[in-house]
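Structure first, then comments.
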Amino acid sequence: MPDDRIPQIGVVFPRTDALTKVRGEERFAADYYGRDLVWAGVKRAGIPHARLKSLDVDQARQVPGVIAVLTHRDIPGENRQGVVRKDQPVLVDDKVRHAGDALALVLAESKSALAAALKCIMCELEPLPGVFDPEQALADGAPLVHEDNPEGNILLKAEVKTGGDESVWDECAAVIEACFETPHQEHCFLETESGWAKVEPDGKIVIVASTQAPFRDRTEVAPVLGQDPTSIRVIAPYTGGAFGGKDGITVQSLLGLAALHAQGRPVKMWWDREESFVAGTKRHPARMYYRLGAKTDGTLHAIDVRLYLDTGPYDHLGGAVMTQAVEHSGGPYRIPHARLRGWSVYTNNPIGGAFRGFGVVQVTAAMEQMMDLLAVKLGLDPVQLRLKNAVRCGDKNCVGVTLTGSAGLEECLEKMARHPYWQNRQIWIQAAGSLKRRGVGLAAVMHAMGYGTVVPDVANAQVELTLEGKIRVYSGVVDMGQGNAATNLQIAGSILGQAPGQMELVQPDTDRTLPSGSASASRCTYTFGNALIGAAQALKERILQRASDLLMAAGPDELVLVSGLVRRVTTGQDIPLAVLAKWLTDTERIAVYRFRAPVAQERPAKDEQVRLHGLPHCIFSYGAHLAMVEVDELTGAVEVQGYLAITDSGRVLNPQTYEQQIHGGIVQGLGYALSEDFRVADGRIQTSDLATYIIPTAMDVPEMLSIPVEINEPTGPFGLKGVGEVAMNGPLPAVANAVAAACGGRCFSFPLTSERVLQVMTFES
Amino acid sequence: MREVFLPRTLDELWDLLRRRPEAVIYAGGTDVLVKLRAGLIAASSLICLERIEDLQGVRDQGDEVYIGAATTHRTLLADPVIQEHFPILIQALSVLGSPPVRNMGTIGGNVVTASPAGDTLPPLYVLDAEVEVRWSDGAKRLPLSQFILGPGKTSLGPGQLLAGVWLRKSADYNVHHFEKVGQRKALAIAVVSLAALLKVSDSGRIDQVRLAWGSVGPTVMRSGEVESALEGRVISRETLDQAAALAQTAVSPIDDIRASGAYRRTVAGNLLLRLINYAR
Ligand SMILES: Cc1cc2nc3c(=O)[nH]c(=O)nc-3n(C[C@H](O)[C@H](O)[C@H](O)COP(=O)(O)OP(=O)(O)OC[C@H]3O[C@@H](n4cnc5c(N)ncnc54)[C@H](O)[C@@H]3O)c2cc1C
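As given, the protein sequences belong to chains C and Y, one line each in that order.
Going by the working numbering, the first residue of the first sequence is number -15, and it counts up by one from there.
Going by the working numbering, the first residue of the second sequence is number 5, and it counts up by one from there.
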């Protein structure tokens, strides 16, 4: 049943994909099969660091049902891929650099033949000493992950310095020092990495992938296959979750290679959960050294930060994640004197990559605990301390960038201070039951939007009036479950006056839609939405103008667009869009519009490389989070009993999708805070599946309150800013601060497992 | 491809077991299917117990209650006899796995899996459960504690079946207490668990007590020593502290990915302190 209401901005618009997904009709990349299907899979190294001496695939080739076994020698182009630095082999040629590296690619008639052949591949691997800690990796004589890297194990380092020299510390009344450690985090999307590929009779290589960046994928796969990018077509259906874990190559190059050896048959690759764990990317673990100084009244004065992020053996997006961490390391505060440094370091651990929060999660965890430590030391109220230092529009942030966009942190914090959860906290704390302790904790968060200054944050929208009289919207940015496809219809429908039943959606496809960047960086609706508004308005103008000419009206002012037709309000005449469409040429029926996000002009880092990796940004979302926790004295178990997130991410287009983004971020953040204890020992994952890697269930999640502070962002589509990531940053520090308040002591390593919390409580008493 | 048999009677089952002695039997499959996928067991054929009526349901036999081995956790949770007489079992079942796992998993499967973390086991131990074992031409009844020999090990012989579990009704205990410490609130394998049956007098004295711990040793652990330290004493923090210290030396937990042995040891004792909530 198509909804016949014309969408409006600011009210709930039902998700177009809801029904098809609930019915199981929506086709994800993992749902592509087809006749004569070939199964493809890879042999993984299983050890973290080793020299490849030889690879014997003869026996595997003899397995019945095996079509081909390929090694690095079969790669027609370059055997290196990567979003920024191309340092990751498609198939290992010299060295294994982590346990999940791929050694050989098998094509088989069935899954069982594939599994049998993978077992028969003989690899002679000479183990090498590995490096598993980012600081140890920087020491002299540490084993090198990439011998040819001039910086040793450093992928990238960044430094931002503002204000005065060491002497500013003498001006501080209180100085806090601490070191925090945060772990890997696994994305755990429902749909593991998957795809399908086929060489068309005309030679075109079609890849359907569960991906966040179809256009970028094409330019990464092409050089591997020795092809021109335009001879590759990447199609990106809805993903079954991604969270950053599909921002970059997973199965795409392997599938392209397999397709070249499949004689035109379709090839499918679908990692199982264990393979997703071992081969997929994870949130970068971080070790963070903080020093924070303030005046007696709580005015922040100086900060010194050193961040060590473990990127595993490959860049992936490790350099960009680290610079983003540096940029946010001083929090959403005015701090006149700052020295912020970061290192993204190669190790033989699992690959670090993009994950919702992108470096900001780690530093917010540290900085917001520093703020609470400072509040305790100075005897100040934690809300007031944050309010006192909160950045406002026109202020310089911690990297010295003047904030010209909307900045609603003050409003968020003020709302928090007035909220009953905060006002009545003492009553709630005192009502703790037998053998329980309660605490309430806060965190202030901010999150940059978009790619930063150098990499163009661009979207190209296309809208078409079809010959059937429908409005077709070409989505340039993947919908990975967050609902931006529906939002695109909402935007186009509201401008063109069309109900959902009158509209069609084309999902990102390098042959059909226009390049619009990745689904990442809290940019999807901001950047693409702005482009879409331009395209929809252009098409609207053209439709009304042509209708006006056709009806010999005085001008388009006499006409309005309503679902399925143009109405001349002065006479009551209607022209169905299907009729009008025939009067337009094919080019006239299509409108396109390009938008590029604004960029900051400052250059806080001297190193041009750092700017290239994204620092600085100019528009941020903000928020204030509050967690109410109860700790069990006997077990150390932490139960979050209430959660409040007050968010400034501009105006809200669809309150439902907005709330879902906040809720999703909180839940993922609570898992990171409490139970997702990703363990790696000497490069090998110990928590290798969902039975041992503990993500929250619905039972572990409290009632979550989300309150938007709707400040207009002048550059945003209908005044919005990005909302996809900002909520992810709050839960760890808010919960940690609440647990510290409850226990009287603090853990500095995360997550806050019962065991860690019990230790702290035992120590304190 | 693998054969799956669905016998409807025990006779059909015995016949199948004769013809396919290597077959793996399963009830809900929630343990077997996980192990099959992981390659931990091989099975050319499977025999499912789900459709055998003799193995289903709860029978009230007066002083005793018989639970068919293939009765699902969900059926037990909804059963009025179990609810009335064995609340401790209800408490454990309600935190076992998740609704889908409870819909499929059975008490027999939980017993034969014989994991020290099996959630029904500490309650069944304190309830002095007995199991009924059957084979094609015989049957026997033995205490659960003699049936379970070690982690994953039972005294079932080839061709033998766990037919059911016998529980004796008892009005002795007025406190039924089960607590499981897991890494989250559902779908959590016990890191430590405690089942406690107490008879507490009006003055708060513990007249009778039975305790069993899960996940702190190769099988469910009981301790006469800790029970004696509590028996006849009034519930107080001091008494419980003493018992906790004894419990901490009595258990023999291991380190694994879920928790360290040291944590398990501490918490095995600490869980006794919760009994303060039953002080009068
Ligand atoms: C996601 C998940 C979560 C889980 N959570 C928990 C939990 O919280 N707590 C917990 O205790 N367990 C948990 N389990 C384990 C499992 O669900 C339980 O042990 C369940 O009770 C097993 O019952 P079943 O009928 O499914 O066993 P099956 O898998 O059918 O069988 C288990 C074993 O018992 C044997 N067997 C079964 N019935 C008989 C019989 N009548 N006679 C002889 N042998 C028999 C089988 O051959 C097999 O060796 C979980 C499992 C999963 C998959």
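The beta carbon of each residue, even a glycine, is placed where N, CA and C say it ideally should be.
In this text the structure is predicted, and so the values were computed from the model without any measurement.
Since I believe residue j is in contact with residue i (beta carbons under 8 Å), could you give me their beta-carbon distance rounded to a whole number of angstroms?
{"i": "Phe732 of chain C", "j": "Cys163 of chain C", "result": "6 Å"}
{"i": "Val115 of chain Y", "j": "Leu166 of chain Y", "result": "6 Å"}
{"i": "Val235 of chain C", "j": "Ala193 of chain C", "result": "6 Å"}
{"i": "Ala581 of chain C", "j": "Thr511 of chain C", "result": "5 Å"}
{"i": "Leu473 of chain C", "j": "Ala565 of chain C", "result": "Their Cβ separation, rounded to whole angstroms, is 19 Å, which puts Leu473 of chain C and Ala565 of chain C out of contact at 8 Å."}
{"i": "Tyr642 of chain C", "j": "Cys396 of chain C", "result": "That pair is no contact at about 15 Å."}
{"i": "Gly326 of chain C", "j": "Val345 of chain C", "result": "About 14 Å separates the two Cβ atoms, so there is no contact after all."}
{"i": "Met683 of chain C", "j": "Lys189 of chain Y", "result": "4 Å"}
{"i": "Pro334 of chain C", "j": "Gly84 of chain C", "result": "6 Å"}
{"i": "Arg268 of chain Y", "j": "Val195 of chain Y", "result": "6 Å"}
{"i": "Val447 of chain C", "j": "Ala575 of chain C", "result": "5 Å"}
{"i": "Cys697 of chain C", "j": "Gly634 of chain C", "result": "Sequence check: residue 697 of chain C is Glu here, not Cys. Yes, they are in contact, since the Cβ atoms of Glu697 of chain C and Gly634 of chain C sit about 4 Å apart, within 8 Å."}
If I follow the unbroken beta strand (DSSP E) through residue i, where does it start and stop?
{"i": "Ala611 of chain C", "result": "Phe604 to Asp616"}
{"i": "Cys727 of chain C", "result": "Note, Cys727 of chain C: premise wrong, no beta strand (DSSP E); alpha helix (DSSP H) at Pro715 to Cys727."}
{"i": "Met430 of chain C", "result": "Lys420 to Ala432"}
{"i": "His77 of chain Y", "result": "Here His77 of chain Y belongs to no beta strand (DSSP E); instead the alpha helix (DSSP H) covers His77 to Leu81."}
{"i": "Glu93 of chain C", "result": "Looking at the DSSP string, Glu93 of chain C is not in any beta strand (DSSP E), and its letter there is neither H nor E."}
{"i": "Lys252 of chain C", "result": "Val251 to Trp254"}
{"i": "Glu235 of chain Y", "result": "Premise fails: Glu235 of chain Y is in no beta strand (DSSP E) and is neither H nor E."}
{"i": "Lys5 of chain C", "result": "Segment Ala2 to Val6 is the alpha helix (DSSP H) holding Lys5 of chain C; no beta strand (DSSP E) there."}
Within the continuous alpha helix (DSSP H) that includes residue i, where are the two ends?
{"i": "Pro126 of chain Y", "result": "Leu125 to Val130"}
{"i": "Met487 of chain C", "result": "Where Met487 of chain C is concerned, there is no enclosing alpha helix (DSSP H), although the beta strand (DSSP E) it sits in stretches over Met487 to Val490."}
{"i": "Tyr267 of chain Y", "result": "Gly265 to Leu277"}
{"i": "His82 of chain C", "result": "Neither: His82 of chain C is in no alpha helix (DSSP H) and is coded neither H nor E."}
{"i": "Lys39 of chain Y", "result": "Val36 to Arg41"}
{"i": "Gly1 of chain Y", "result": "Here chain Y covers residues 5 to 284 and nothing more, so residue 1 of chain Y does not appear."}
{"i": "Tyr405 of chain C", "result": "Pro404 to Gln407"}
{"i": "Lys372 of chain C", "result": "Pro366 to Asn373"}
{"i": "Pro207 of chain C", "result": "Pro198 to Leu209"}
{"i": "Pro789 of chain C", "result": "Nothing about residue 789 of chain C can be reported from this structure: the residues present for chain C run from -15 to 749 only."}
{"i": "Gly168 of chain Y", "result": "No alpha helix (DSSP H) holds Gly168 of chain Y; the beta strand (DSSP E) holding it covers Leu165 to Arg172."}
{"i": "Ile94 of chain Y", "result": "Pro91 to Leu97"}
Is DSSP giving residue i helix, strand or coil here?
{"i": "Phe512 of chain C", "result": "helix"}
{"i": "Gly30 of chain C", "result": "coil"}
{"i": "Leu14 of chain Y", "result": "helix"}
{"i": "Glu57 of chain Y", "result": "helix"}
{"i": "Phe164 of chain C", "result": "strand"}
{"i": "Ser687 of chain C", "result": "Per the sequence shown, residue 687 of chain C should be read as Glu rather than Ser. Looking at Glu687 of chain C - three-state DSSP - the assignment turns out to be coil, as it is neither helix nor strand."}
{"i": "Lys705 of chain C", "result": "coil"}
{"i": "Met106 of chain C", "result": "strand"}
{"i": "Met(-15) of chain C", "result": "In this prediction, Met(-15) of chain C scores a pLDDT of 48, lower than 50, which makes its location untrustworthy; the coordinate-derived value is nonetheless stated afterwards. Three-state DSSP puts Met(-15) of chain C in coil, outside helix and strand."}
{"i": "Ile479 of chain C", "result": "helix"}
{"i": "Glu395 of chain C", "result": "helix"}
{"i": "Asn137 of chain C", "result": "coil"}
{"i": "Glu219 of chain Y", "result": "What sits at residue 219 of chain Y in the sequence shown is Ser, not Glu. Note: Ser219 of chain Y maps to coil in three-state DSSP."}
{"i": "Phe227 of chain C", "result": "coil"}
{"i": "Asp211 of chain Y", "result": "strand"}
{"i": "Met108 of chain Y", "result": "helix"}
{"i": "Trp567 of chain C", "result": "coil"}
{"i": "Arg24 of chain Y", "result": "coil"}
{"i": "Leu21 of chain C", "result": "coil"}
{"i": "Ile59 of chain C", "result": "coil"}
Practice item. Anything in the region 619 to 652 of chain C with a Cβ closer than 9 Å to a Cβ of chain B? List those residues in chain order, please. Key: Judged by its chain identifiers, the structure shown contains no chain B, and its protein chains are C and Y.
Check your understanding: Can you list the alpha helix (DSSP H) stretches of 4 or more residues lying completely in the region 270 to 356 of chain C, in chain order?
Key -> 302 to 312
Check your understanding: Whole beta strand (DSSP E) runs in the region 611 to 675 of chain C with 3 or more residues, listed along the chain?
Key -> 622 to 632
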